[in-house]
Amino acid sequence: MKYFAKKLAGFIATLLAVSFLVFLAFAVIPGDPATAMLGTQATPERVEALREEMGLSDPLAVRYVRWAADFVRGDFGTSYSYHIPVTQMIGDKLPVTLTLTVLSFLLIVCISLPLGITCARRCGGMLDHVIVVANQIVMAVPGFFSGILLTLVFGLILHWFTPGGYVSYRTDWWRFLGYLFFPSLAIALPKIAMTTKLLRTSVLAETKLDYVRTAYSRGNGTKAVLYRHVLKNALIPVMTFLGMALTDMVAGSIIVEQVFNIPGLGRILLTSISNRDYPVVQAIIVCIAFLVISINFLVDLLYKLVDPRITIE
Amino acid sequence: MKAKAAKRVLLALVCTALTIALGACAGDKASENTSRITIGIPQDIEDSLDPHKAVAAGTKEILFNLFEGLVKPDSDGNLVDALAQSHTMSEDGKVYTFSLRSGVKFHDGSLVTAEDVKYSLDRCADTSSGASLVPAFSAVESVDILDESTVQVTLKEPDKDFLAYMDAAIIPAANKTPETNPIGTGPYRFVSRSPQENFILEKFDDYWGTPAHIDRVELKIIANADSIVTSLNGGSIDMFARVSQAMTEQLSDDFEVLEGTMNLVQAMYLNNQVEPFDDVRVRQALCYAVDPKEIMDIISDGKGTQLGSSMFPAFGKYYLEELNDLYPTDYDKAKELLTQAGYPDGFSFTLTVPSNYQQHIDTAQVIAEQLKRIGVDAKIQLVEWESWVSDVYAGRNFEATVVGLDASSLTAPALLDRFHSAAGKNFINFSSEAYDEAYANAQAAADDAEKTEYYKECERILAQEAANVYIQDLPCFVALNKKYAGYEFYPLYVQDLAKLYLVEE
Amino acid sequence: MLDVIDLNLEFHDHLVPETVVYDFDLHMEPGEIVGLVGESGSGKSMTALAIAGLLSRHDMQKRGQILFEGKDLLHCRRSELRELQGDDIAIIFQEPMTSLNPVYRVGPQVEEALRIHRPELSAEEIRQRAMEMLKEVDLEDAQRVYDSYPHQLSGGMRQRVMIAAAMICDPKLLIADEPTTALDVTVQAQIVKLLRRINREKKTAILFISHDLSLIRQLCKRVVVMQGGNIVESGTIEEIYEHPRMAYTKKLIAAIPGYEKKYDSGEPNLRQNEILRVEDVRIRFALERHSLLEKRKYKEVLKGVSLTVREGEVLGLVGESGCGKSTLAKVILGLEKPDEGSVFHQSQRPQMVFQDPYGSLNPARKVGWILEEPLRIRGGMTGQEKKQRVRFMLEKVGLEEKIAERYPRQLSGGQRQRVCLAAALMLGPRLLVADEAVSALDVTIQGQILELLFSLKKEMGLAILFISHDMRVVYQVSDRVLVMKDGLIVESGDVDDVYFAPKHPYTKELLAAAALQEEKGGERDAGTVLS
Amino acid sequence: MMGAILTGVMLLFVLVGFFWTPYDPEAMDRSVKLAGVSLSHPMGCDNFGRDILSRVLKGSGTTLLVAVGTVSIGTACGILLGAFTGYFGGLVDEIFMRINDALFAFPSILLGLVFISLLGSGKYNVIIALGIAFIPSFARIVRSEFIRCKNMDYVRSARLAGAGDLRIMFVHILPNIMTVLSSSIMIGFNNAVLAEAGMSYLGIGVQPPDASLGRMLSEAQTYLFSAPGYAIFPGVVLILMVLGFSLLSEGLKE
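Protein chains in written order, with my numbering: chain U, 1 to 313; chain C, 1001 to 1505; chain P, 2001 to 2531; chain A, 3001 to 3254.
Right, dumping it as structure tokens:
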């Protein structure tokens, strides 16, 4: 139990640290919500009046405490620019980013696992060389560039999907998923290459160990040894990488949302930052941080499940 | 056995991924009987939907379809009666009387009453939050209901141009949440919006005037300028206002490109208080060095209208064509002026540009190139829009900036008031008695011709004093799918959606 | 049953093909136990792997025949070979730690051969057979072992699991490739006894491979001696042991540490003043928790240990792995803080030599740099003097000067241990702690290192705390000896008193296990000691 | 091996870019606006009539500079942070790890924006912003390596020889983690190049008119149809550069 308590404490400490960092960040960035809202009509007195009304002129610490108190009670405040409660906004947009991340994670798992294993099995063969070289190249492609290429090739030439034709999940679930297929491919591509390479090296490394020789001595065929004995061991380093990749993807989706014009959390974050919409940015970042940390926590737990040697420290 | 299961799971996952992809190619929108159009807009309506509080041009442009005032501008820029059946102005221009049109309905079905009109106009003039909600209404003395269908507005001092401000929206007194639930009398009704995604309008059937043609309008937010072309050609949007000239070349042929003017005064605004721009000779040298024609050639293949001062052609009677040739491109003269001002081998300065307007960034880069020819080094610094508003516009700490200023109403002051030395929005700190005097005379002048003459005088002073380096009124290209027609350009920053209609094949 | 004819194995991975085994012949009758002895690198393991059909690597060229019940394993189809593997031919390996799959429970791994070769059996029957097998290899709590993971078992238990897994299909031939080398003396004895019982009850033929001739003597009837890939000599155990014909065999026999004092440790009278005093040292470590709910448990590693070392003396410390002798060494040298008790040093800068020579030399640095490090830290010497001192030290430990330019990974085990010794003696310490300093080395090289250690000891008047689990080496080396069990010193005294008149039962058990082949009791074995 | 050649070529390409470019990268020439590939302009021209080849030469220089800067900040601080937390452990480790997680969870885009608005935009501030965003991953790698090495025998023998903690950390343990570190530096390098491109893409990275590959790519997207070359050439150069370095890190690992 102590273990859980410690982990939870760490969890909350990090969240607080992150949220405070955001507050600090906004105190530093020029421009504030009042001028943002008043735009070109901003005369000094009106700005002052609005700041007063929004309670922006109290010192940073007071504002932070007030925000934290509300946050704990689940009230994320209302967005300055949209005037709708932040919880509703995030609730509306979270599924988009989540689906995007989960879909790309699925793509990574479905494509790189079989690829990595066949690559390791036929190590040194033609297929193996081709895949390794392809991996190197794909790893080097930046997310948004692959996005542009995918839009160009699949969107405008092959018409497999209408570029920019985002369909909200409320209207049509399948078309929503259909549209998200290519953006998640753009996010996943470099990660697929990385995972395949990692899996291939770790499978090769495992086959050199003694327990594989014992498995052969019991009459197992190569396929059986590979899938039954080696796969589970080889997955361990891959899992840590996938954990890291997942956290990376949550942040990476911001750029791809821009390329594919998807109104997910990333887009809202970017526009809210430029509108100095504090409550929205605050909530989104804490939300992303929460997502990232819980993913790390999950990977840790999964880690312990797969590899019994890891002890609970 | 365990391995076999793992492989089967993997295969299943791959199949689902593929079916999803194929799902994406399913046919286009289901075509019911309602006519629909999807219009792309560059920024979400991040402003409040309350017409009196809305500030951003992008918001007012759309709200034009939802709300109407007592009078309303038409596509040629003159004010036409809207909710008011007729209006009369007192001799001295101090009292305006409006007789209301009967039977006009709000979107929620309730009838428009004199109380609503008074409530709306008082709301604009309300000074509880510092200055009046709508700045121009600070001149309003009182709003009185004479009888059921007439309302009278009395000003503090006479102002013949005040009618232009009477397009302020009339909203129902009963609507307690104008921010999120806009109710007006316009041809379109607000249906729903989802932040950063879309903004949906619907035809208002019992509209008092000529009804709109298209039933359902979806405004889709395309935040990334680079994906506008892909979205148009891809078919996910049918129209996009203000595309750049470069984009027009890449549109597929099922798009028609309509050309108009942006109704903006694009110039390199110089902070007249900051050294070296406090010296008029330096400013004039820059005007000689910057060649608007070359800018227009490079950026928009020559399209766009050159400007010599803070006025664009849409304001017909005030526009002075000849000011354009005041500073023909002449590098030697420019260098000579610089040496006189004490900068024989030029100087360097920071050119701050808001990062979300690609046309201004392109212009700044061309200007920087041109100024190099007279030894002046312009360092471009992109800043985010909010930082531009708070640092440059409100804070006035900048050396030079490239931006386009629009006119909030159809009056000359909308473009000239800003340079009055005491004006709150005089962010370039321009101050010249001659200008202040000419502007005051214009304000006080009784008859229209005299007033126009004084305004022209103001423009001439701005040009001679080289307050700023005036460039152009940017060309405005609108990409419209050939299935639709009827788009009309307005002198104001306005999108009149009601005029659009489906071309029946 | 098994006929190996003219077996030749050649490596092809680097440019020049390197032959590992030359014309190897072997004949085995069903139920016979044959020993295969030789030092590391003699090709004995390669032969074993070839017979078990595990040399499928494409870079290995195999010529000759391996006939098992008439079928030639070298040239049959892989599927035929696979039918035999695990069913008629089984193999167990040296490193029990890594030979079991770390991420699966023990039970399923034991059952695996059964599941492959006896598909007709139901899961329940298979489980039953596995449980019986685990009991047969003297694992009392079979159920707990069945459900636990490999890393939760001790070395001995893991080797028993390996044997159970191998014997599950009642194979005709069991190949044991150095099964006991990594185990403690007492555990070694139990494994050998188990193998003998299996041979007797199940008539399984055993090919026992080891570098320890005394072990071979306890188990096998016939033995084959190998060196550098060829068979040097073969015959019954008595012929080989009593009157070996080839020089190499003699050398092997002589290397078996018997009970004669080989290294005298200089004048005894010098040893009056104490150089180290340890008083009632206690230390406990937090145990790793395997499930979230377990409360954190502590394990007492040292339960009040006191000892003294006098100048110039060699004090032996013997005990099985896990009795806390390495922790004691670390406490003595200040690398671990004891919870209670205290350590007093009269000399400054005591040094230590570790068991795994590869781990104790910084892999990223050249030997020269490593040796200069202590001098650099102490300072006060110019570059030239340091180089000179390093050359001097290298020469003293019998290494050429150019070794200084090499990296640790380019040296052999013996060379690396010599460098460790040189590094330890750089600052001229008065006390040297040797923690299993020679146990990782081959028998012959062990002799050379001990020889070197004692010549240096005499020359520098060193006091040595010699820690090992090998009773015989400790006997040959120490003046006084301490026997340690579970964190406590159970017996101490002069080495001859303790070895020949042991008081504590545990000491007796250790002595018995180490001297298995001696005649009754502990009197000195007159064995043919040559040279 | 391939990696070394490719990186060599790329470095040469960048070095040339620093000193000589066929045209002035900012010179605009109306006549060749969006011109295709031609002899005088091997990579065609952009919408301002600027020669893409010279802009790519200059741009890759900037991108490389940013990447090298970022990685050196990230590694230096990462080593310091990782060494101390890994070696000493205890409360210090706990606190640093918490901060590390916080930085790790913080989207680097926002971090970038904070620094850009704090210090103003431009190459050097992007370097600082990305540098700091890279510290957590390096610190994490160094920390786990230090934990692995700190209870090796050679560390104990060094302590017995009288070496102090600092000496053990930086003289004994550090060289041993160089191989692991070098491969993660290379990976860090790739990510830095991609992150810079991402930042410029979102408009908060390098400022016009000077070019970085990321900025060029974002500007090129609008002209995808009329001048695809404008997007493809910088993209290909970017990929070649990143590919070169990743192959080099492969080679180093062996």
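No residue lacks a Cβ here, since even glycine has one placed at the ideal position from N, Cα and C. Quantities reported herein were computed from a predicted structural model and do not represent experimental measurements.
Since I believe residue 1376 of chain C is in contact with residue 1347 of chain C (beta carbons under 8 Å), could you give me their beta-carbon distance rounded to a whole number of angstroms?
-> Along the second sequence, one-based indexing puts residue 1347 of chain C at 347. Along the second sequence, one-based indexing puts residue 1376 of chain C at 376. Right, their Cβ atoms sit about 6 Å apart.
Under three-state DSSP, which class holds residue 1030 of chain C?
-> As a position in the second sequence, residue 1030 of chain C is number 30, starting the count at 1. The predicted position of residue 1030 of chain C is uncertain, since its pLDDT is 46 and thus under 50; no value can be drawn from it.
Exposure of residue 2177 of chain P, with buried meaning 16 or more beta-carbon neighbours within 10 Å | Here residue 2177 of chain P refers to the residue found at position 177 of the third sequence. Result: buried.
Below 7 Å CB to CB, which residues in the same chain sit around residue 1456 of chain C once its five sequence neighbours on both sides are set aside?
-> Walking along the second sequence from the start, residue 1456 of chain C turns up at place 456. Counting only Cβ-Cβ distances below 7 Å, and skipping sequence neighbours, we find 1318, 1320.
May I ask you to list, following chain order, the residues of the stretch 1370-1394 of chain C that have a beta carbon less than 8 Å from some beta carbon of chain A?
-> 1380, 1381, 1382, 1383, 1384, 1387
Could you tell me which uninterrupted beta strand (DSSP E) segments, each at least 3 residues in length, are contained entirely in the stretch 2171-2226 of chain P, listed from first to last along the chain?
-> 2173-2177, 2205-2210
Own chain partners of residue 1412 of chain C with C-beta closer than 7 Å, once the 5 adjacent residues on each side are dropped | Along the second sequence, read from residue 1 onward, the residue named residue 1412 of chain C stands at position 412. Cβ within range, chain order: 1315, 1318, 1455.
Could you list which residues in chain C have their beta carbon closer than 8 Å to that of residue 3021 of chain A, in chain order?
-> The count along the fourth sequence starts at 1 and reaches residue 3021 of chain A at position 21. The premise fails here: residue 3021 of chain A is roughly 16 Å from chain C at the closest Cβ pair, so nothing lies under 8 Å.
Interface flag, residue 1365 of chain C vs chain A, CB-CB below 8 Å | Counted from its first residue, the second sequence places residue 1365 of chain C at position 365. Chain A contact via Cβ: present.
Kindly indicate which three-state DSSP category residue 95 of chain U falls into: helix, strand or coil?
-> Looking up residue 95 of chain U in the first sequence gives position 95. Three-state DSSP puts residue 95 of chain U in a helix.
Along the alpha helix (DSSP H) that carries residue 2420 of chain P, what are the first and last residues, could you check?
-> Taking the third sequence and counting its residues from 1, one reaches residue 2420 of chain P at position 420. 2413-2425 is the span of the alpha helix (DSSP H), which, as asked, contains residue 2420 of chain P.
Which residues in the same chain have their Cβ closer than 8 Å to the Cβ of residue 1029 of chain C, if we skip the five residues on either side of it in sequence?
-> Here residue 1029 of chain C corresponds to residue number 29 of the second sequence, with the count starting at 1. Because residue 1029 of chain C carries a pLDDT of 46, less than 50, the predicted location of this residue cannot be relied on, and the following value inherits that uncertainty. 1036.
Return the chain-ordered list of same chain residues with a C-beta closer than 6 Å to the C-beta of residue 2437 of chain P, the five sequence neighbours on each side being excluded.
-> The residue you call residue 2437 of chain P lines up with position 437 of the third sequence. 2353.
Can you tell me which of the three DSSP states residue 2362 of chain P falls into?
-> Position 362 of the third sequence, counted from the first residue, corresponds to residue 2362 of chain P. DSSP places residue 2362 of chain P in coil when its eight states are reduced to three.
Check residue 3267 of chain A in the structure and name its three-state DSSP category.
-> No answer is possible for residue 3267 of chain A: it lies beyond the span of chain A, which begins at 3001 and ends at 3254.
What distance in whole Å lies between the Cβ atoms of residue 2491 of chain P and residue 2498 of chain P, which are believed to be in contact at a cut-off of 8 Å?
-> Translated into the one-based positions of the third sequence, residue 2498 of chain P becomes position 498. Translated into the one-based positions of the third sequence, residue 2491 of chain P becomes position 491. The pair is a contact, with the Cβ atoms about 6 Å apart (cut-off 8 Å).
Would you call the CB atoms of residue 1084 of chain C and residue 1070 of chain C closer than 8 Å?
-> Here residue 1084 of chain C refers to the residue found at position 84 of the second sequence. Here residue 1070 of chain C refers to the residue found at position 70 of the second sequence. Yes. Within cutoff.
Determine, using beta carbons only, whether residue 2112 of chain P comes closer than 8 Å to chain U.
-> The count along the third sequence starts at 1 and reaches residue 2112 of chain P at position 112. Output row for residue 2112 of chain P: interface = yes.
DSSP on residue 1374 of chain C, reduced to helix/strand/coil?
-> As a first step, residue 1374 of chain C must be located in the second sequence, where it is residue number 374. Residue state, collapsed to three classes: coil.
How is residue 1190 of chain C classed by DSSP in three states: helix, strand or coil?
-> For the purposes of this step, residue 1190 of chain C is identified with residue 190 of the second sequence, where counting begins at 1. Reduced to three states, the DSSP call for residue 1190 of chain C is strand.
Same chain, Cβ closer than 7 Å to residue 2220 of chain P, neighbours up to 5 away in sequence not counted | Translated into the one-based positions of the third sequence, residue 2220 of chain P becomes position 220. If we look at residue 2220 of chain P and ignore the five residues flanking it on each side, its Cβ neighbours are 2033, 2034, 2035, 2208, 2237.
Would you please verify whether the beta carbon of residue 3178 of chain A is less than 8 Å from any beta carbon of chain P?
-> As a first step, residue 3178 of chain A must be located in the fourth sequence, where it is residue number 178. Chain P contact via Cβ: present.
Give me the Cβ distance between residue 332 of chain U and residue 164 of chain U, rounded to the nearest whole Å; I'm assuming they're in contact under 8 Å.
-> For chain U, the structure presents residues 1 to 313; residue 332 of chain U sits outside this window and is missing.
What number of angstroms, rounded off, separates the C-alpha of residue 2465 of chain P from the C-alpha of residue 2368 of chain P?
-> Mapped onto the third sequence, residue 2465 of chain P falls at position 465. Mapped onto the third sequence, residue 2368 of chain P falls at position 368. Approximately 27 Å, taken between the alpha carbons.
Quick one: does the C-beta of residue 3032 of chain A sit closer than 7 Å to a heavy atom of the ligand PLP?
-> In the structure on display, the ligand PLP does not appear, and there are no ligands present to speak of.
What residues in the stretch 225-238 of chain U bring their beta carbon closer than 7 Å to a beta carbon of chain P?
-> 229, 232, 233
Using alpha carbons as the reference points, say which of C/1288, C/1370, C/1364, C/1341 lies closest to residue 1332 of chain C.
-> Position 332 of the second sequence, counting from 1, holds the residue named residue 1332 of chain C. Residue C/1288 is the option with its Cα nearest to residue 1332 of chain C.
Along chain U, in chain order, which residues have C-beta atoms closer than 8 Å to that of residue 3098 of chain A?
-> Numbered from its first residue, the fourth sequence carries residue 3098 of chain A at position 98. Under the 8 Å cutoff, chain U gives 10, 13, 14, 17.
So residue 2282 of chain P and residue 2340 of chain P are in contact, right, with Cβ under 8 Å, and what is the actual spacing, rounded?
-> Mapped onto the third sequence, residue 2282 of chain P falls at position 282. Mapped onto the third sequence, residue 2340 of chain P falls at position 340. With 8 Å as the limit, residue 2282 of chain P and residue 2340 of chain P qualify as a contact, their Cβ atoms being about 4 Å apart.
Contact with chain B by residue 1157 of chain C, beta-carbon distance below 8 Å | Here the protein chains are U, C, P and A, and chain B is not one of them.
Taking just the CA atoms, how far does residue 182 of chain U sit from residue 1026 of chain C?
-> Position 26 of the second sequence holds residue 1026 of chain C. Position 182 of the first sequence holds residue 182 of chain U. Confidence in residue 1026 of chain C is poor, its pLDDT being 47 and thus under 50, which makes the residue's placement too unreliable to answer from.
Nearest CA to the CA of residue 1063 of chain C: which residue from C/1250, C/1415, C/1495?
-> Residue numbering aside, residue 1063 of chain C sits at position 63 when the second sequence is read from its first letter. With distances taken between Cα atoms, residue 1063 of chain C lies closest to C/1495.
Apart from the five residues on each side of it in sequence, which residues of its chain come closer than 7 Å, Cβ to Cβ, to residue 3131 of chain A?
-> What you label residue 3131 of chain A is simply residue 131 of the fourth sequence in a count that begins at 1. Cβ neighbours of residue 3131 of chain A beyond the five flanking positions: 3069, 3070, 3073, 3074.
Run down chain A in chain order and give the residues with a C-beta less than 9 Å from the C-beta of residue 2392 of chain P.
-> As a first step, residue 2392 of chain P is located in the third sequence; it is residue number 392 there, counting from the start. Within 9 Å Cβ-Cβ: nothing; residue 2392 of chain P doesn't reach chain A, min ~18 Å.
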